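2 protein chains.
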Amino acid sequence: MPFGDNTFKTAFSVDNIIFGFDKDHLKILLIKRKEEPFAGQWALPGDIVRPDEDLRDSAFRVLDQLTGVTDVHLEQVFTFGKVDRHPKGRVITVAYYSLINIADVDIRAASFAEKVAWKEVRSIESLAFDHFKIMHTCLSKLQRDVKYKPIGFELLPKYFTLTELQKLYEAVLEADLDKRNFRKKILKMNILHTTHELQSNVAHRPAKLFAFDKEKYEEAKKNGVNFEL
Amino acid sequence: MPFGDNTFKTAFSVDNIIFGFDKDHLKILLIKRKEEPFAGQWALPGDIVRPDEDLRDSAFRVLDQLTGVTDVHLEQVFTFGKVDRHPKGRVITVAYYSLINIADVDIRAASFAEKVAWKEVRSIESLAFDHFKIMHTCLSKLQRDVKYKPIGFELLPKYFTLTELQKLYEAVLEADLDKRNFRKKILKMNILHTTHELQSNVAHRPAKLFAFDKEKYEEAKKNGVNFEL
DNA sequence: GCAAAAGTGTTTTCATTACACCCATGT
DNA sequence: ACATGGGTGTAATGAAAACACTTTTGC
Numbered sequence: 045m046p047f048g049d050n051t052f053k054t055a056f057s058v059d060n061i062i063f064g065f066d067k068d069h070l071k072i073l074l075i076k077r078k079e080e081p082f083a084g085q086w087a088l089p090g091d092i093v094r095p096d097e098d099l100r101d102s103a104f105r106v107l108d109q110l111t112g113v114t115d116v117h118l119e120q121v122f123t124f125g126k127v128d129r130h131p132k133g134r135v136i137t138v139a140y141y142s143l144i145n146i147a148d149v150d151i152r153a154a155s156f157a158e159k160v161a162w163k164e165v166r167s168i169e170s171l172a173f174d175h176f177k178i179m180h181t182c183l184s185k186l187q188r189d190v191k192y193k194p195i196g197f198e199l200l201p202k203y204f205t206l207t208e209l210q211k212l213y214e215a216v217l218e219a220d221l222d223k224r225n226f227r228k229k230i231l232k233m234n235i236l237h238t239t240h241e242l243q244s245n246v247a248h249r250p251a252k253l254f255a256f257d258k259e260k261y262e263e264a265k266k267n268g269v270n271f272e273l
Numbered sequence: 045m046p047f048g049d050n051t052f053k054t055a056f057s058v059d060n061i062i063f064g065f066d067k068d069h070l071k072i073l074l075i076k077r078k079e080e081p082f083a084g085q086w087a088l089p090g091d092i093v094r095p096d097e098d099l100r101d102s103a104f105r106v107l108d109q110l111t112g113v114t115d116v117h118l119e120q121v122f123t124f125g126k127v128d129r130h131p132k133g134r135v136i137t138v139a140y141y142s143l144i145n146i147a148d149v150d151i152r153a154a155s156f157a158e159k160v161a162w163k164e165v166r167s168i169e170s171l172a173f174d175h176f177k178i179m180h181t182c183l184s185k186l187q188r189d190v191k192y193k194p195i196g197f198e199l200l201p202k203y204f205t206l207t208e209l210q211k212l213y214e215a216v217l218e219a220d221l222d223k224r225n226f227r228k229k230i231l232k233m234n235i236l237h238t239t240h241e242l243q244s245n246v247a248h249r250p251a252k253l254f255a256f257d258k259e260k261y262e263e264a265k266k267n268g269v270n271f272e273l
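Protein sequence lines correspond, in order, to chains A and B. Note that our numbering gives residue 113 to position 69 of the first sequence, counting from 1, and the numbers run on in steps of one. Note that our numbering gives residue 116 to position 72 of the second sequence, counting from 1, and the numbers run on in steps of one.
Right, here's the structure in full:
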């Protein structure tokens, strides 16, 4: 394929929607831009893809620079390529989402931005560029993915109670779930490992602590897993 | 965002998986390349995205040049961005699939290629570049999408029998379906319009002809449609 | 002892599956 | 009359949904 004159006039970036979960709320990591365009506004973390770097690695790099996290689930969602989506030139961007446990990370602004912060997804009303639309596309994909993949693995601490897991699903799906039916289904999947530890220092009956069991999950996957709740 | 020196060293393309259905077989449109690299090999039709052209429009342009078809469903699938996927330089590509009725189009090689042809998906064993992998990614997406969207609309002629529709689903899903259950489910969705026409000149009891009813479908969609079969 | 969340089964409803014979046409 | 695909209903099974009370702890 002979490349014509125009071949290299388009720039190429990645943008990350980094999901976290905190008690009752689904959050994402945003940066406050320090340069024009959109200086001072909140935006998704992203960067130009380097010519010698695999696309997916660019997304990992952005994530790493911002959170120090490297070993997480990263999911490609959609590529946004309207001519006018970036006011300074033609930039096509690939959106990825990742899932991390907020407690595990120590966020840092790096060179990106004035500030970095976790924001509740439901409270976000606008973002720089077309990032609000990108966020929604990623949220929809997360809501679909959650039905086929065990997202709790990534968003919760190692040990958790069934109620915490239920709250996570409720936050992601924006729906109330029945406690008994939820427990029945999640336990029948046979992907949790029951520690025999209990919560302590809680002003109510202490809950059992569970952990995901990756081996059991891989086993279950062979027979087809379904997380519809 | 100040663009650095390397910003524009990456080229950007689209590749189309154009699905068609012919009696019993799911097919895709392939071109035979006339230039290096991979001259003489079969490949997916694609092209470089022009700097002044929306991403989606590039995919439509490729489709139009090859088939003359403009008004079809086009679905973005995945973006492939390995550094070494193209031997002549860095090219990131976005894969789209589209669904067309083979009988409607008159394929033409355009400037693309030496030849263009419909090939049975199941018979394809290799393609140029990473196109074989791209094809599989698109096929998987089609198999998922088919459960939520009425793909028959696009792949079949305007009037069709229920058996033809069933064969289409069987070809896409690579599965045998029960005739009675299939009919029960598809009719209960209430998205078909029963013409009272019958087949003619067939050496068996003539089948009723149906057509998709877009209005009924839009109506049904509000209450949630499910095409799982 | 009271507030707060944990934990636990049964019944009803609905969707999915499995399954076999008669019908209308062309040759 | 025979070959070919068209067309039809019912029973059994399994999954999903609805629903309320007792238990354990901290204060």
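Ideal placement from N, C-alpha and C gives every residue a C-beta, glycine not left out. All values derive from a computational prediction rather than experimental measurement.
Given that a residue counts as buried once 16 or more other Cβ atoms are within 10 Å of its Cβ, and exposed if not, what is residue i?
| i | result |
| --- | --- |
| asparagine 60(A) | buried |
| lysine 71(A) | buried |
| alanine 83(B) | exposed |
| proline 194(B) | buried |
| threonine 111(B) | buried |
| serine 102(B) | buried |
| histidine 175(B) | buried |
| phenylalanine 137(B) | Correcting the residue type first, residue 137(B) is threonine in the shown sequence and not phenylalanine. Its Cβ being crowded by 16 or more others within 10 Å, threonine 137(B) is buried. |
| alanine 147(A) | exposed |
| glycine 268(B) | exposed |
| arginine 77(A) | buried |
| leucine 231(A) | exposed |
| proline 46(A) | The pLDDT assigned to proline 46(A) is 41, lower than 50, so where the model puts this residue is not dependable; a value taken from the coordinates is nonetheless given after this. Its Cβ having fewer than 16 others within 10 Å, proline 46(A) is exposed. |
For residue i, which three-state DSSP category applies?
| i | result |
| --- | --- |
| alanine 251(B) | coil |
| glycine 196(B) | helix |
| phenylalanine 65(A) | strand |
| tyrosine 140(B) | strand |
| aspartate 59(A) | strand |
| leucine 110(A) | helix |
| histidine 117(A) | coil |
| glutamate 164(A) | strand |
| histidine 240(A) | strand |
| phenylalanine 226(B) | helix |
| isoleucine 151(A) | coil |
| isoleucine 92(A) | strand |
| alanine 157(B) | strand |
| valine 216(B) | helix |
Under 8 Å by Cβ, that's how I've got residue i and residue j pegged, so tell me the actual separation to the nearest angstrom.
| i | j | result |
| --- | --- | --- |
| phenylalanine 65(B) | leucine 199(B) | 4 Å |
| phenylalanine 122(B) | glutamine 187(A) | About 19 Å separates the two Cβ atoms, so there is no contact after all. |
| alanine 161(B) | threonine 207(B) | The Cβ separation is near 27 Å, so there is no contact. |
| valine 93(B) | serine 142(B) | Between serine 142(B) and valine 93(B) the Cβ distance is about 17 Å, and since that is not below 8 Å, they are no contact. |
| isoleucine 178(A) | leucine 88(A) | 6 Å |
| phenylalanine 226(A) | glutamine 210(A) | 5 Å |
If we ignore side chains and look at the alpha-carbon of each, how far apart do residue i and residue j end up?
| i | j | result |
| --- | --- | --- |
| aspartate 91(A) | histidine 117(B) | 31 Å |
| aspartate 220(A) | methionine 233(A) | 20 Å |
| aspartate 222(A) | arginine 100(A) | 38 Å |
| histidine 240(A) | phenylalanine 173(A) | 49 Å |
| lysine 53(A) | glycine 133(A) | 9 Å |
| leucine 217(A) | phenylalanine 254(A) | 22 Å |
| glutamate 158(A) | glutamate 263(A) | 45 Å |
| valine 135(B) | valine 246(B) | 51 Å |
| threonine 238(A) | glutamate 97(A) | 42 Å |
| isoleucine 151(A) | aspartate 115(A) | 15 Å |
| leucine 212(B) | phenylalanine 63(B) | 12 Å |
| aspartate 68(A) | arginine 166(A) | 12 Å |
| lysine 266(A) | lysine 191(B) | 21 Å |
| proline 201(B) | glutamate 164(B) | 19 Å |
| isoleucine 75(B) | glutamate 214(B) | 26 Å |
| phenylalanine 171(B) | isoleucine 144(B) | Correcting the residue identity first, residue 171(B) is leucine in this sequence and not phenylalanine. Between leucine 171(B) and isoleucine 144(B), the C-alpha separation is close to 21 Å. |
| asparagine 270(B) | lysine 229(A) | 22 Å |
| proline 81(B) | aspartate 128(A) | 33 Å |
| threonine 181(B) | tyrosine 140(B) | 10 Å |
| glycine 125(B) | histidine 248(A) | 52 Å |
Who are the neighbours of residue i on chain B, taking C-beta pairs under 7 Å?
| i | result |
| --- | --- |
| isoleucine 136(A) | Phe56, Leu99 |
| proline 95(A) | Asn50, Lys53, Thr54, Arg134 |
Please list the partners that residue i has in chain A, where partner means a Cβ-to-Cβ separation under 8 Å.
| i | result |
| --- | --- |
| valine 106(B) | Neighbours of valine 106(B) on chain A: none; closest Cβ ~13 Å, over 8 Å. |
| glutamine 120(B) | Phe122, Thr123 |
Could you list which residues in chain B have their beta carbon closer than 8 Å to that of residue i, in chain order?
| i | result |
| --- | --- |
| lysine 126(A) | Asp98, Leu99 |
The ligand GDP and residue i: does any heavy atom of the ligand fall closer than 6 Å to the residue's C-beta?
| i | result |
| --- | --- |
| lysine 159(A) | Of the ligands one can find in the structure shown there are none, so the ligand GDP has no counterpart to examine. |
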